[in-house]
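Student: Quick one: the structure is below, and I'll ask about it shortly.
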Amino acid sequence: MAESARVDAWLWAVRVYKTRSAATTACRAGHVRVNGERVKAAQPVRPGDELRVRIAGFDRILVVRQPIAKRVGAAVAATAMEDRTPARDPAPVVAQRDRGAGRPTKRERREIDRFRGR
């Protein structure tokens, strides 16, 4: 194996992004940081580098164990990185009305207000 790989190719190879162009776009947008620094897509990553990748509004913290440039099976991809992302808090429960249920009655509005703490 090589001792380094491009950051966009590595993110694609370990299945963080579905396509390499999506990984490249994320690098251009500044959503990828290697050891705390924003990087371009061609930045090489080496074993021990820490990557912070912003996906869907949340940061994933990944540590490079093995630099790979070609897409490999999921089992091999899992061994090429260490995921240090802290567990997220579960999303708060939000009450929703059934679609097409119409306008809430006065009684239902009061229950909604009570539920929301008003």
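Read left to right, the sequence shown gives residues 62 to 179 (the numbering used here). Built from N, CA and C at the ideal position, the CB exists for glycine as well. Values in this document were obtained by computation on a predicted structure and should not be read as measured data.
1) Would you kindly work out how many angstroms separate the C-alpha atoms of K131 and I122, rounded to a whole number?
2) In chain order, what residues of the same chain have a beta carbon less than 8 Å from the beta carbon of R80, not counting five sequence neighbours either side?
3) At the level of alpha carbons, what is the spacing between A152 and R115?
4) Looking only at C-alpha atoms, which of K101, A90 and G91 sits nearest to A66?
5) Please classify A90 as buried or exposed, where buried requires at least 16 other C-beta atoms within 10 Å of its C-beta.
6) Could you spell out where the beta strand (DSSP E) holding E143 opens and where it closes?
7) If we count the other Cβ atoms within 10 Å of its Cβ and call it buried at 16 or more, is P128 buried or exposed?
8) Less than 7 Å between the C-beta atoms of V125 and V137, yes or no?
Tutor: Straight from the coordinates:
1) Spanning the two alpha carbons is a distance of roughly 21 Å.
2) Before going further, note that residue 80 is Thr rather than Arg in the sequence given. Taken in chain order, the residues that qualify are W73.
3) Just so you know, the alpha carbons of A152 and R115 end up roughly 18 Å apart.
4) Minimum Cα-Cα distance from A66 among the listed residues K101, A90 and G91 corresponds to K101.
5) Exposed: under 16 other Cβ atoms inside 10 Å.
6) E143 -> beta strand (DSSP E) spans M142 to D144.
7) It is buried - the Cβ of P128 has at least 16 other Cβ atoms within 10 Å.
8) In this structure, the beta-carbon distance from V125 to V137 does not fall below 7 Å.
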